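Undergrad:
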Amino acid sequence: MNAADLAVETTALSRSYDGVNAVDSIDLKVPRHSVFGFLGPNGAGKTTTMKMLLGLIRPTAGSGTVFGLDIVADSSEVRRRIGYLPQEPRFYPHMTARETLRFAAGFFFSGPADRIEARVDEMLELVGIAEKADRPIKTLSGGETQRLGIAQAKIHEPDLLILDEPAAALDPLGRRDVLAILEQFRATSTVFYSTHILDDVQRVSDMVCILNKGRIISQGQIGEVLSVGTDSVFTVEIEGDVERARTALLGQAWVDQVAVEDNGASARLRVTANDANAAETRLQRVLLEDETLVVKNFAKHSANLEEVFVELVAGGSTDD
Amino acid sequence: MTKAGIAALEPLHESGWRGGLSNLMSAGFRSWWGTKDWWIQALLWTAVINGSLAPFIWGDTPDELDLFTLYSVMSMFGAIAVAIVMQEAIVGEKRSGTAAWVLSKPVSRQTFMLSKLVPNAVGVIATMIAIPSVLLLFQVTLAGMEVSTPRFALGASVAALNLLFFLTLTLMLGTLFDSAGPVIAIPLAFAFGQQLIAGIPGLGSVLPWALVVATNESDSSVASALITGQPVSAPGAIVFTVVACGIFTFVAFWKWNRTEL
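Sequence lines, in order, name chains S and G. Residue numbering for the first sequence follows this note's numbering, beginning at 134 and increasing consecutively. Residue numbering for the second sequence follows this note's numbering, beginning at -18 and increasing consecutively.
#1: Quick check: does the Cβ of residue 121 (chain G) come within less than 8 Å of any heavy atom belonging to the ligand MG?
#2: For residue 214 (chain G), tell me which candidate among G:191, G:-12, G:18 has the shortest Cα-Cα distance.
#3: Can you check whether the C-beta of residue 128 (chain S) is within less than 9 Å of a C-beta belonging to chain G?
#4: Excluding the 5 residues flanking residue 262 (chain S) on each side, which residues of the same chain have their C-beta closer than 7 Å to its C-beta?
#5: Who are the Cβ neighbours of residue 175 (chain G) in its own chain at under 6 Å, not counting the five residues just before and after it?
#6: If the criterion is Cβ atoms closer than 9 Å, does the pair residue 167 (chain G) and residue 65 (chain G) meet it?
#7: Considering only the beta carbon of each residue, do residue 124 (chain G) and residue 26 (chain G) sit closer than 9 Å?
#8: When the Cβ atoms of the stretch 76 to 91 of chain G are set against those of the stretch 225 to 240 of chain S, are three or more pairs found closer than 8 Å?
#9: Residue -8 (chain G) CB to nearest chain S CB: under 9 Å?
#10: Under 9 Å, Cβ to Cβ, is there at least one residue of chain G near residue 165 (chain S)?
#11: I want to verify the contact list: residues of chain S whose CB lies under 9 Å from the CB of residue 241 (chain G), in sequence order.
#12: Should residue 74 (chain G) go down as buried or exposed, given a rule of 16 or more other Cβ atoms within 10 Å for buried?
#13: What does the alpha-carbon distance come out to for the pair residue 447 (chain S) and residue 18 (chain G)?
#14: Cα-Cα, which of G:98, G:163, G:194 is closest to residue 177 (chain G)?
#15: Nearest-angstrom Cα distance between residue 349 (chain S) and residue 241 (chain G)?
#16: Hey, does residue 82 (chain G) have any beta-carbon neighbour from chain S nearer than 9 Å?
#17: Residues of the stretch 200 to 226 of chain S in Cβ contact with chain G at a cutoff of 8 Å, in chain order, please.
#18: Is the beta carbon of residue 204 (chain S) closer than 9 Å to that of residue 197 (chain S)?
#19: Any beta carbon of chain G sitting closer than 9 Å to that of residue 258 (chain S)?
#20: Compute the Euclidean distance between the alpha carbons of residue 224 (chain S) and residue 79 (chain G), then round it to the nearest angstrom.
#21: Is the stretch 379 to 396 of chain S touching the stretch 335 to 352 of chain S in the sense that three or more CB pairs, one from each, lie closer than 8 Å?
#22: Scan the stretch 125 to 192 of chain G and note each continuous alpha helix (DSSP H) run of 4 residues or more that stays entirely inside, going in chain order.
#23: Report, in whole angstroms, the separation of the C-beta atoms of residue 371 (chain S) and residue 338 (chain S), which I expect to be a contact under 8 Å.
#24: Among G:202, G:173, G:171, which one has its Cα closest to the Cα of residue 318 (chain G)?
#25: Count the CB pairs spanning the stretch 204 to 222 of chain S and the stretch 294 to 302 of chain S that are closer than 8 Å, and state whether there are at least three.
#26: Listing by chain order, which chain B residues have their CB less than 7 Å from the CB of residue 1 (chain G)?
#27: Does the beta carbon of residue 243 (chain S) sit closer than 9 Å to a beta carbon anywhere in chain G?
#28: If you drop the 5 nearest sequence neighbours on each side, which residues of the same chain put their C-beta closer than 7 Å to that of residue 451 (chain S)?
#29: Between the C-alpha atoms of residue 163 (chain S) and residue 387 (chain S), what's the straight-line distance to the nearest angstrom?
#30: Cβ atoms of residue 118 (chain G) and residue 108 (chain G): under 9 Å apart, would you say?
#31: Name the two residues that bound the continuous alpha helix (DSSP H) containing residue 232 (chain S).
#32: In chain order, what residues of the same chain have a beta carbon less than 8 Å from the beta carbon of residue 228 (chain S), not counting five sequence neighbours either side?
#33: Going by the beta-carbon positions, is the gap between residue 332 (chain S) and residue 422 (chain S) smaller than 9 Å?
#34: When the Cα atoms are used, what is the spatial distance from residue 121 (chain G) to residue 62 (chain G)?
#35: Can you tell which of G:-9, G:140, G:24 has the C-alpha that lies nearest to the C-alpha of residue 50 (chain G)?
#36: Along chain S, in chain order, which residues have C-beta atoms closer than 8 Å to that of residue 79 (chain G)?
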């Protein structure tokens, strides 16, 4: 992927506070028109990274570009092309939702007034708060404020949307709506968003990056990230003498580990192999050599993002 | 959804230090003149200044010097109000996150600071000095006292300079601290503490205090001397206050440019 295909690219981007690295030499590559999920536990450095891209925090080392523009030298031009939703959006309490959107539009457009109003109305409709458009911000619920935050970020149809926990304050229906909106954005913008809700990432993201302790521990297309470490894991459901089955499998040179989950009448074996091909072709045969065993089910293990996330973060592994 | 939604809109061409200037300035002025704040402040200060001075104006033997000495002293209370009004201007936005939100737009840090300085300075001076002073001049004229309008305007400008001192001081403190406590406490402590340190030889005639209050080293304040046409005994106070306002403003801009949000 060359630089022209990237919306965001960072090289060894770092930020430290009193010698402690909040963001430690990260190399991000966010392709244009992707929905890019930025994951990590609390304190991983997600918000700091986003704020560095926006020029709100200065990097202590490394560099970054947004659409080829330097995030420090060309910060104002970068921000012209970004729409940003903060983690806990706060707007001026004396303004209404409509006034807030009008105010946000005023940073990008000089007129005509009726067209700006039409755009404001369009955004209010998009996020479903048109009925509350003329109420003061302080009367809006957390979810409604979040929706307003998405609308103001989108008001100028930015090339890149940076959304920090866009669905955090929403109920399940609100989350569903926001995910649908994110998917619509893909057509015109790149969406770079952080979240703790891993189901959402798996549902809408093309690309994912997992950050832990300020460092990238996994980055790539969602399928690639999900396959990390699971290529050679198989699950087999059997009936019969589980211990004999386990012993038989552990006797094979291509088997590293066998974990057993006893379900009463049957048992589920999670077999980790060091040779995926050998396991795929020979695993069932080994078990069926024992006539007392019945293989009820056999499949390559497919991980979900939560498993991968927990394994990577808890394991503390890094790319480098 | 396509870019067609914004195709009919005219892009705003403000870049460099002017980024976001028109929008933030109009929002800043609207926060004064688009709300009830301006007339509440104007009514309050008109009532305080004109009401307090009415007995001097309509009394049996109105004394011009006493009247305008008290007028300039009254404006000292405005300094306290300025600190209260301005305390949240920067700190409040830093803490609430609205500053980070605004600065995530194509807005320069200088513009953000200007939008706090200029509309608030205009609002404060108009409602706390200009409007009450015009009505005071009207009242004085009605009572048959002869006051030179240009001299009165000059004296009122000096009273306004005193307010600007506290406005820029509070603004600077807002960039230096993250909580409202010191931002309001330091200006208030200075406002009242001046009467103590004004006794130190040499200081009395240069502190902003001397602009509106007669000190040990001067018979009348700079403002009342200008209005009544007497010699100004503490011109150093004007110089000191102007220089201090400049330094406070410079530090505020400098610090804000380096503030991480």
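Glycine included, every Cβ here is placed at the ideal spot set by N, Cα and C. Computed from a predicted model, the values in this text were never measured in an experiment.
TA: Looking at the coordinates:
#1: Among the components modelled here there is no ligand, and therefore nothing to report on the ligand MG.
#2: G:191
#3: The question about residue 128 (chain S) has no answer here: the residues shown for chain S are numbered 134 through 453.
#4: 230, 277, 280, 281
#5: 188, 190
#6: no
#7: no
#8: yes
#9: yes
#10: no
#11: 184, 189, 190, 191
#12: buried
#13: 55 Å
#14: G:194
#15: 23 Å
#16: yes
#17: 209, 210, 212, 213, 215, 217, 219, 221, 222, 223, 224, 225
#18: yes
#19: no
#20: 6 Å
#21: no
#22: 130 to 157, 161 to 178
#23: In fact, because the Cβ distance is near 36 Å, the residues do not count as touching under 8 Å.
#24: No answer is possible for residue 318 (chain G): it lies beyond the span of chain G, which begins at -18 and ends at 242.
#25: yes
#26: Protein chains S and G are contained in the structure displayed, whereas chain B is not.
#27: yes
#28: Caution is warranted here: a pLDDT of 45 is assigned to residue 451 (chain S), below 50, making its placement in the model unreliable, and the coordinate value is therefore given only provisionally. Only 348, 350 meet the Cβ criterion.
#29: 38 Å
#30: no
#31: 230 to 238
#32: 236, 269, 270
#33: no
#34: 25 Å
#35: G:140
#36: 223, 224, 225
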